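See structure below.
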Amino acid sequence: MDNNDKSKQSSTSVTSQRKMATGSVHALGKASVAALLALTVCGAAYGEVWDLPSPQPADNYITENVTWFADQVREATDGELEIRVHPSGSLFSGDQIKRAVQRDQAQIGVHVLSAHQNENPIFGIDSVPFLANSFEESAQLWEVTRPALDELMAEQNLQLLYHIPWPPQGLFFDREIQAPEDAEGLKFRAYNTATARFAELMGMTPTLIEEAELSQAAATGMVQSLISSGDPVYNHQLWDYLPQFYDAKAWLVLSHVFVNKERWDALDEDTQQQILAIAEEAEQRGEEGARALTDELKTQLSDKGVAIHQPNEVLQAEFKRIGEEMQEEWLEKAGEQGQQLVEEYRAMQ
């Protein structure tokens, strides 16, 4: 074979390779388009997906409530809006949820707004000791404060949907407490600034601990006392570590369900109204669940060996002193708006 023949063969080979490569690119392009079309079709079929982080475990009534809410929203929108619940702080821890929703890292979430009262004291009005310590009073306080909370949340790119009350808060200890000095120096689990301040005024040492970390914290001696409805103590099986409960009925902390406002505003009005109607029903279910849980928890804890106490006169006097001091401190921080809200609330009594 001479050089010309070799050159012709080489040219033919290169041309053939180019055709194959071009065909492969065209095939790949068609496959990519097909894949994109498939994704588009799947997206249309499944609709929009929102992630909802919850700090509570799946079997906690708060998480059960938002799961019911999510199911109802999916059904009402024929699957056009799906809300996926992530329990136990698995997606974001409790203290991260509000910011995550603001930034659209999660589209909807549930958490206690009182954990953020350092941003604005109004967020913590439900955790002012002995201001509202029954379900009836808590509902009245919510009615008064809802407009102010709506405004605050909107300023932070959030839309408030509904709230879920916890049962009245009492104190758990690893020992019997007859007087304030019996609690001095104990390690206290706090979940917001109000609980931390309560501990300080009672002579205890507060540490902020998320619910998902409670079991380990109690097992390692980091928690000798906490204030709670009893639900976290039962859910995390802390009765061996905190076997003494004092039914102080200090306040009813509220968990709030809120959504990224840009996501909310992007929904059509009919969908918004459907969601608000479901939220109203979820709120009612939440209060009913909390009421039923109040007595149920005491029975469950008692069955596990927890001693249920009514505070004696000495402790009642101490709680009253702490409550009055914390109310004054909160009013000073909350200013004119806080004072007006409290006056409106007390006028309803």
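Each residue of the sequence shown is one higher than the last, beginning at 481 in the working numbering.
All C-beta atoms, glycine included, are put in the ideal place defined by N, C-alpha and C.
Here the structure is a predicted model, which is why all the values come from computation and not from measurement.
Between residue 577 and residue 535, how many whole angstroms is the CB-CB distance? I'm expecting something under 8 angstroms.
7 angstroms
Tell me which residues share the same chain as residue 675 and place their Cβ nearer than 6 angstroms to its Cβ, disregarding the 5 neighbours each side in the sequence.
707
According to DSSP, simplified to helix, strand and coil, what is residue 710?
coil
Given this structure, state the Cα-to-Cα distance separating residue 575 from residue 690, to the nearest angstrom.
8 angstroms
Starting from residue 782 and walking both ways along the beta strand (DSSP E), at which residues does that stretch end?
From DSSP, residue 782 is part of no beta strand (DSSP E) but of the alpha helix (DSSP H) over 749 to 783.
Measure the C-alpha to C-alpha separation of residue 803 and residue 679 and round it to an integer number of angstroms.
Distance between residue 803 and residue 679, taken at the CA atoms: about 12 angstroms.
Do residue 728 and residue 665 have their C-beta atoms within less than 7 angstroms of each other?
No, Cβ-Cβ distance for residue 728 and residue 665 is not below 7 angstroms.
Just to confirm the assignment: which complete beta strand (DSSP E) runs, minimum length 3, are found wholly within the region 621 to 683?
You should have 638 to 645, 650 to 653 and 667 to 670.
Excluding the 5 residues preceding and the 5 following residue 506 in the sequence, name in chain order all residues of the same chain whose CB lies nearer than 7 angstroms to its CB.
At residue 506 the pLDDT is 42, less than 50, meaning the model places this residue with poor confidence; the figure from the coordinates comes in the next sentence. Result list for residue 506: empty, nothing under 7 angstroms.
Run the CB neighbour count on residue 741, radius 10 Å, all protein chains shown included, and call it buried at 16 or more, exposed below.
Burial of residue 741 is indicated by the presence of at least 16 other C-beta atoms within 10 angstroms of its C-beta.
With the cut-off set at 7 angstroms, would you say residue 733 and residue 606 are in Cβ contact?
yes
Cα-Cα, which of 735, 723 and 589 is closest to residue 646?
735
For residue 824, which residues in the same chain have their Cβ closer than 8 angstroms to its Cβ, ignoring the five residues on either side in sequence?
624
CA nearest to the CA of residue 790, picked from 657, 722 and 771:
657
Could you tell me which residues DSSP pairs with residue 740 in its beta bridges?
In the DSSP secondary-structure assignment, residue 740 is bridged to 638.
Using the rule of at least 16 other Cβ atoms within 10 Å of the residue's Cβ for burial, across every protein chain shown, is residue 655 buried or exposed?
exposed
Whole angstroms are fine: how far does the CA of residue 662 sit from the CA of residue 562?
51 angstroms
Buried versus exposed call for residue 635 [16 or more other C-beta atoms within 10 Å across all chains shown]:
By the Cβ-count criterion, residue 635 is exposed, with fewer than 16 other Cβ atoms from all chains shown falling within 10 Å of its own Cβ.
What span of residues does the alpha helix (DSSP H) with residue 602 cover, start to end?
No alpha helix (DSSP H) contains residue 602, which DSSP labels as neither H nor E.
Which same chain residues, not among the five before or five after residue 513, have their C-beta less than 6 angstroms away from its C-beta?
Low per-residue confidence applies at residue 513: pLDDT is 37, beneath 50, and the placement is therefore not dependable, though the value from the model is reported in the following sentence. Here the set comprises nothing.
On the premise that residue 595 lies in contact with residue 671, defined as a C-beta separation below 8 angstroms, what is that separation, rounded to the nearest angstrom?
6 angstroms
What's the C-alpha gap between residue 821 and residue 580?
C-alpha separation (whole angstroms): 29 angstroms.
Around the C-beta of residue 748, are 16 or more other C-beta atoms found within 10 angstroms, so that it is buried, or is it exposed?
exposed
What number of angstroms, rounded off, separates the C-alpha of residue 681 from the C-alpha of residue 557?
50 angstroms
Secondary structure of residue 569, DSSP reduced to three states
coil
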